[in-house]
Structure formats: C-alpha cells, structure tokens
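Colleague: Note that this note's numbering has the sequence shown beginning at 367, numbered continuously upward. Below are the structure tokens for one structure; questions will follow.
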Amino acid sequence: MKLRGSVVVLVFLCAAFAFAQGDEPAAKKAKQQLPKKTKKSPKLKYAIVVANRFFAGKGGEKDKWAKVVDELKKKYSARVFKYDGELRSNETLKKDLAEYRPYYVCFVEKPENCGKRFVKGAIVLMHSLDDDPYDDAVWAILTGYDANDAMKIVKAKPLKVKRHLSHVSSGMLNWFESGVSFNEARQFEKWIKKKGKNPEKVKGPADTTEQWVREANKGKVDIITSSGHATERNWAMGYTYKSGKIVPAGEGKLVGVSSENKGYAITKKNPKIYFSIGNCLIAHIPPKLKDCMCLSWIHSGAYQFFGHIEVQYRSCTAWGICNYFFGLQDQFTFAQAVHANRIAAQYIMDNHTKGFRKNYKKEYWKRCLHVTVLYGDPAWQAKMKRTTEPLYETDLKVADAKDGRKKITMTVEFKRKHAFRVTALGLPCALLPYTISDWKVEKSDAVKTVIGDNFILLDTIGKEYDKGDKAVAVINCKIDD
367 MKLRGSVVVL
377 VFLCAAFAFA
387 QGDEPAAKKA
397 KQQLPKKTKK
407 SPKLKYAIVV
417 ANRFFAGKGG
427 EKDKWAKVVD
437 ELKKKYSARV
447 FKYDGELRSN
457 ETLKKDLAEY
467 RPYYVCFVEK
477 PENCGKRFVK
487 GAIVLMHSLD
497 DDPYDDAVWA
507 ILTGYDANDA
517 MKIVKAKPLK
527 VKRHLSHVSS
537 GMLNWFESGV
547 SFNEARQFEK
557 WIKKKGKNPE
567 KVKGPADTTE
577 QWVREANKGK
587 VDIITSSGHA
597 TERNWAMGYT
607 YKSGKIVPAG
617 EGKLVGVSSE
627 NKGYAITKKN
637 PKIYFSIGNC
647 LIAHIPPKLK
657 DCMCLSWIHS
667 GAYQFFGHIE
677 VQYRSCTAWG
687 ICNYFFGLQD
697 QFTFAQAVHA
707 NRIAAQYIMD
717 NHTKGFRKNY
727 KKEYWKRCLH
737 VTVLYGDPAW
747 QAKMKRTTEP
757 LYETDLKVAD
767 AKDGRKKITM
777 TVEFKRKHAF
787 RVTALGLPCA
797 LLPYTISDWK
807 VEKSDAVKTV
817 IGDNFILLDT
827 IGKEYDKGDK
837 AVAVINCKID
847 D
C-alpha cells in the first residue's frame, strides 16, 4: 500500500466520521432512551460448503476437522453441500445452492487449502447464484491454525463489541464505549476513549509497539483495526514513521518486535474481531506458511478476520464497512456489515461515475471486491454495543396486499445530520430474512430503490438529511420463503 493511498484513506475517514467528534458527551447520550429491540428474525437458512477431499482419511486431526462440520451443522440445522473440483466452475454446486437460497454460506476448509485460488473461487461463486451482480448470501470461510481453532469459533457465544484497539488514525473511537488508537500516519499521536467520555488526543510514544501490545494484553479488546504496510509474515505499525512490527512467533503465537528489536508477546486470546481495513496481503493464507498473520490471529482469538489477500491499492471499498458496523451501532453483525457494504459498493461501481477520480472505480473498487475476504462463522452474533446514536435507524414493516402479495415498507430515520457522497458508501441497506420475487416499487424517497431477492438498497447519493428526517420506500412483492 503506497503513501498516496494512505492520504486518501485518512481524508475519507475524516469526512465520514468528523461530524460525530463535536457531538454532546457520550455520558449524556447514554442517558437518552434508545429504541427497543425488534423481535427476533425467523430461523435463517444456513449452508455449509465443503469439498469431498476434506473428509479423506481417518484419525487425529482429520477426525477433528470432520467434527467441526458436524458441530456446525447441528448448531444451525444447516444443510451440507459437498463438491469436487473448483468452486468457481462447479455448476452442480452453484445450481444446488441457488435452489436452496441460503441466508448464510460457510465454506469450511483446512488452512493448507485456503490459498488465493480457493478464496477467489468463493468470491466468484457467491455473486453468481442468480442474475444480478450482487453477493447472494452473508458468507465467510471457516478455517483455523488447527481444527481446535475452528471448533472454538463454531462454539463461540455472541460478542458485544465495546472496546476497540486501533492503529488507524483516531480509531473512530467516538462510536465505542472505550478504546485506544495510535495514528499510523502521525508519529506521537495517540487517542484514548474512556467510558462515558469523549475521545481525547494525547501524546503517544515514538515507537508504538510496547504500548499497543500492552493494550492488547490488558482488559478485554473486542475488535482490532489496523492499516499500513503488511505481508503474510508481518504488519509494520508505523506507516510514515519508524515503529515496530507484529509478527508470527510460531505455533500460532504472535509477538510485537520494536524498532530496537525488543520483543513483546501477545498473550490475550479472548474472542475478538480482527478488522484489517488498510493492510496488504494480511488475509492471504499461503499453502506452505502455516505461521502466517491470519492463522496466527485466528489462533490468538480472532474469531472473525477480515482483510486483503493481495496488495491493496490506495483506498478501497473495505472502508465502507466502518459506516455499516460502527456507524449503525447494533443494527448489523460484523458479517452482515461486510455483506451490506459489498452490495452497496457493487451498486455504486456499476451505476455512478461522478465523484470518482479517473479510473478510480475500475482499478480499485472492482479489484477490492475480488481480493477481500471474511474468515469465521458468518452467523456469529458479533454486534456493537449501542453507546451513542447511530447514523440512521432502519425499520421494515410487512403488510398483506392483494392476491396473496406483500407490501414491505422500509423507513430510514436519520439520527444525525448526514450527507451521502459517492465514495463514502454507507447507503441504507436492509437485509431481508426471506427471499422475494416479482417486485415493484410503489413509492420511494430515494434517488433510486435497488432491490435484490434478499435486500433493499436506497440510493441516497447526493442527498443531505437533517436529524429527524426520514426516507421511505414501499415495495409490492411476493415473499417466497
């Protein structure tokens, strides 16, 4: 990742999140009455995709991997889809998944088979189950340093994301209950967010390694975000200045190595999300490099891991996940936020040209959608703890219409003043807990209402909303299941 790209990223973050820095103190907001939780969604279809070769042989680690599939199937009453050959070219698998129409798809695979070809095959498959260009389900790849890691992920309890450890600018800490961030582009800049207080900028160390590892080891960190230079073998913490690195230490362990070659072991293995927004290659699992960054983080408690499997060029669509996960607070799980962001990015890339630099969409956005991946269980209930007002609140109501049809009303109520720019993502997106067909838009306050068989997206680019404003779309359709 080049320096020019980091500047683009930082500009995006400032534009997307600066409005929240001037809000009233978080302690005052915490006293406000927050919306009541909605009723639970119906049981969602879960598909497990696994190669027949996965089950070859018996004994030891092979049996443990087979038990991972059994446990996953039991947990979600899932249907298992076995296949031979390549994911991207398996027409039988594609046909079977398309007929099942799952909400979740989990690709279970051993680490030695999770290279770029496998990941890209999953990416291609997941937007080819129907005729539209969008991802067709919330999906992820379940793997681990060993089978025990994968089993821990399957058995994981829901995660309430409260504390953030970041090495990305100010860390967007205004969205969290507490956290610490070190700026990868500005030496000595550190941010601290205490419960009930606003984020505070303080002087940080010249080399952030020791303090960052100390924060990782003390207290419960629920999510880690990182940006800057990285490979499968290390992450350089300073981007524009000399600092330390996080590197695998063997046997699935990690260590921070300072610029003076002092080592600081990462020992805390509590369940967490690792969200690599701006790192190259960190999510790539080479077939012959078990002690890589991704597997080592999974072994160290990263039950979900998001990142790039190739070099990241400048800014990319991954930054939009911040709006859906941080900015909407508890409305999406992390996996749902990744999914909604991919839908929005694909739509913008295909339908908007103004607001982009020359070749920006073609070279960077399209590429990003084909080199980013989420590892873990896609149905893991990892959600933000609501500590402040979200950007907006989305509500869906379903009513009977004529001839057995249904009328879906999507209402987006803005909780903050917000303007939608073409490159900032975060378009209102409702993920439907059922599939629909034969739809038509009866009413819409958006520039355009985009509908898939399992989502509704409002194109609000160029619009500005004040707090309390609403955008409404009414859809007449058939609900299939």
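Think of the CB as a built atom: it goes at the ideal place given N, C-alpha and C, for glycine as much as any other residue.
1. Counting Cβ pairs closer than 8 Å, one from the stretch 502-516 and one from the stretch 741-751, do we hit at least three?
2. Taking C-alpha atoms, which residue in ASP498, CYS658 and PRO637 lies nearest to GLY818?
3. For my contact list, GLY693 and LEU757 are in at a C-beta cut-off of 8 Å; report their separation, rounded to the angstrom.
4. Cα separation between CYS658 and LYS749?
5. Whole angstroms is fine: what's the gap from TYR470's alpha carbon to ALA785's?
6. Can you tell which of ASP450, LYS584 and LEU525 has its C-alpha closest to the C-alpha of VAL546?
7. Which of the three DSSP states, helix, strand or coil, is assigned to ILE558?
8. Going by the CB atoms, is the gap between ILE822 and LYS772 shorter than 7 Å?
9. For the stretch 622-640 against the stretch 574-594, are there 3 or more C-beta pairs whose distance is under 8 Å?
10. Would you grab the beta carbon distance between ASN636 and LYS567 for me? Rounded to a whole angstrom, and I think it's under 8 Å.
11. Where does ASP825 land, buried or exposed, given buried means 16+ other C-beta within 10 angstroms?
12. Please classify MET659: does DSSP put it in a helix, a strand, or coil?
13. Would you mind listing the alpha helix (DSSP H) stretches within the stretch 583-655 that are 4+ residues and don't spill past its ends, in chain order?
14. Along the chain, where does the alpha helix (DSSP H) containing THR775 start, and where does it finish?
15. Could you compute how far the alpha carbon of THR754 sits from the alpha carbon of PRO794?
16. Please report how far the alpha carbon of TRP731 lies from the alpha carbon of HIS595, in whole angstroms.
17. Between LYS873 and the rest of its own chain, which residues show a CB-CB distance below 7 Å, the 5 nearest in sequence each way excluded?
18. Using 10 angstroms around the beta-carbon of LYS556, count the other beta-carbons present and answer buried if the total reaches 16, otherwise exposed.
19. With DSSP run on the structure shown, which of helix, strand or coil describes LYS747?
20. Give the DSSP-derived three-state secondary structure of ASN564 in the structure shown.
21. Using the C-alpha atoms, what's the distance from LYS528 back to PHE542?
22. Just verifying my parser: in three-state terms, what is the DSSP assignment at ALA710?
23. Leaving aside the five residues before and after CYS734 along the sequence, list all residues of the same chain whose C-beta is less than 7 Å from its C-beta, in chain order.
24. Which of the three DSSP states, helix, strand or coil, is assigned to CYS734?
25. Determine contact between the stretch 622-629 and the stretch 568-576, defined as no fewer than three beta-carbon pairs at a distance below 8 Å.
26. Closest by CA to TYR449, which one among GLU465, PHE421 and ILE774?
27. To the nearest angstrom, how far is the alpha carbon of THR606 from that of CYS646?
28. Considering only their Cβ atoms, is the gap separating VAL737 from GLU676 smaller than 7 Å?
29. Run through the DSSP bridge pairs and tell me what TRP505 is partnered with.
30. I need the straight-line Cα distance from THR699 to ASP769, nearest angstrom please.
31. Please give the ranges of any beta strand (DSSP E) in the stretch 520-557, keeping only runs that are unbroken, at least 3 residues long and fully inside the region.
32. In angstroms, rounded to a whole number, what distance separates the CA positions of PRO401 and ALA711?
33. Would you mind working out which of ALA668, GLN702, LEU531 and VAL520 sits nearest GLU581, comparing C-alpha positions?
34. Within the continuous beta strand (DSSP E) that includes VAL446, where are the two ends?
35. Just the C-alpha distance for GLY610 and ARG552, rounded to the nearest angstrom, thanks.
36. Using alpha carbons as the reference points, say which of LYS559, ARG708, ALA837 and LYS428 lies closest to TYR500.
Modeller: Considering the structure as presented:
1. yes
2. In the sequence shown, the residue the question calls residue 818 occupies position 452. For the residues ASP498, CYS658 and PRO637, the minimum Cα distance to GLY818 belongs to ASP498.
3. The residue given as residue 693 occupies position 327 in the sequence shown. The residue given as residue 757 occupies position 391 in the sequence shown. Contact holds; Cβ gap of about 4 Å.
4. Residue numbering aside, residue 658 sits at position 292 when the sequence shown is read from its first letter. Residue numbering aside, residue 749 sits at position 383 when the sequence shown is read from its first letter. When rounded, the distance between both Cα atoms is 27 Å.
5. By one-based count along the sequence shown, residue 470 stands at place 104. By one-based count along the sequence shown, residue 785 stands at place 419. So the two alpha carbons sit approximately 32 Å from each other.
6. As a working mapping, residue 546 is identified with position 180 in the sequence shown. When each option's Cα is compared against that of VAL546, the closest is LYS584.
7. On the sequence shown, position 192 is the one that residue 558 refers to. ILE558: strand per DSSP, three-state reduction.
8. Within the sequence shown, numbered from 1, the residue matching residue 772 stands at position 406. Within the sequence shown, numbered from 1, the residue matching residue 822 stands at position 456. Going by C-beta atoms, LYS772 is not nearer than 7 Å to ILE822.
9. yes
10. Within the sequence shown, residue 636 is the residue found at index 270, counting from 1. Within the sequence shown, residue 567 is the residue found at index 201, counting from 1. Rounded, the Cβ-Cβ distance is 27 Å, inconsistent with contact.
11. Here residue 825 corresponds to residue number 459 of the sequence shown, with the count starting at 1. Buried is the call here.
12. Within the sequence shown, numbered from 1, the residue matching residue 659 stands at position 293. Correct three-state label for MET659: helix.
13. none
14. Locating residue 775 in the sequence shown gives position 409, where the first residue counts as 1. No alpha helix (DSSP H) contains THR775, which is instead part of the beta strand (DSSP E) from 772-780.
15. In the sequence shown, the residue the question calls residue 754 occupies position 388. In the sequence shown, the residue the question calls residue 794 occupies position 428. Each residue's Cα considered, the two are about 19 Å apart.
16. Numbered from 1 along the sequence shown, position 365 holds the residue referred to as residue 731. Numbered from 1 along the sequence shown, position 229 holds the residue referred to as residue 595. Rounded to the nearest angstrom, the two C-alpha atoms are 19 Å apart.
17. The requested residue 873 is not part of the displayed model; the chain covers only 367 to 847.
18. Within the sequence shown, residue 556 is the residue found at index 190, counting from 1. Classification for LYS556: buried.
19. Residue mapping note: residue 747 aligns to position 381 of the sequence shown, counting from 1. First, the amino acid is wrong: residue 747 is Gln here, not Lys. Coil at GLN747, not helix or strand.
20. Position 198 of the sequence shown holds residue 564. Coil at ASN564, not helix or strand.
21. In the sequence shown, counting from the first residue as 1, residue 542 sits at position 176. In the sequence shown, counting from the first residue as 1, residue 528 sits at position 162. Each residue's alpha carbon lies about 6 Å from the other.
22. For the purposes of this step, residue 710 is taken as residue 344 along the sequence shown, with counting starting at 1. Looking at ALA710 - three-state DSSP - the assignment turns out to be helix.
23. In the sequence shown, the residue the question calls residue 734 occupies position 368. Counting only Cβ-Cβ distances below 7 Å, and skipping sequence neighbours, we find CYS682, THR683 and ALA684.
24. Counting from one through the sequence shown, the residue named residue 734 turns up at place 368. Here CYS734 sits in helix by DSSP.
25. yes
26. Counting from 1 along the sequence shown, the entry for residue 449 is found at position 83. Minimum Cα distance to TYR449 is reached at PHE421.
27. As a first step, residue 606 is located in the sequence shown; it is residue number 240 there, counting from the start. As a first step, residue 646 is located in the sequence shown; it is residue number 280 there, counting from the start. Computed Cα separation, rounded: 16 Å.
28. Position 310 of the sequence shown, counting from 1, holds the residue named residue 676. Position 371 of the sequence shown, counting from 1, holds the residue named residue 737. Cβ atoms of GLU676 and VAL737: closer than 7 Å.
29. For the purposes of this step, residue 505 is taken as the residue at position 139 of the sequence shown. Answer is VAL471.
30. For the purposes of this step, residue 699 is taken as the residue at position 333 of the sequence shown. For the purposes of this step, residue 769 is taken as the residue at position 403 of the sequence shown. Computed Cα separation, rounded: 35 Å.
31. 525-527, 529-533 and 544-548
32. Along the sequence shown, read from residue 1 onward, the residue named residue 401 stands at position 35. Along the sequence shown, read from residue 1 onward, the residue named residue 711 stands at position 345. Residue placement at PRO401 is flagged as unreliable, the pLDDT there being 38, under the threshold of 50; the coordinate-derived value follows with that caveat. Cα to Cα, the separation comes out at about 28 Å.
33. Taking the sequence shown and counting its residues from 1, the one referred to as residue 581 is at position 215. It is LEU531.
34. Here residue 446 corresponds to residue number 80 of the sequence shown, with the count starting at 1. Unbroken beta strand (DSSP E) run through VAL446: 445-449.
35. Along the sequence shown, one-based indexing puts residue 610 at 244. Along the sequence shown, one-based indexing puts residue 552 at 186. Cα to Cα, GLY610 sits roughly 14 Å from ARG552.
36. In the sequence shown, the residue the question calls residue 500 occupies position 134. Nearest of LYS559, ARG708, ALA837 and LYS428 to TYR500, Cα basis: ARG708.
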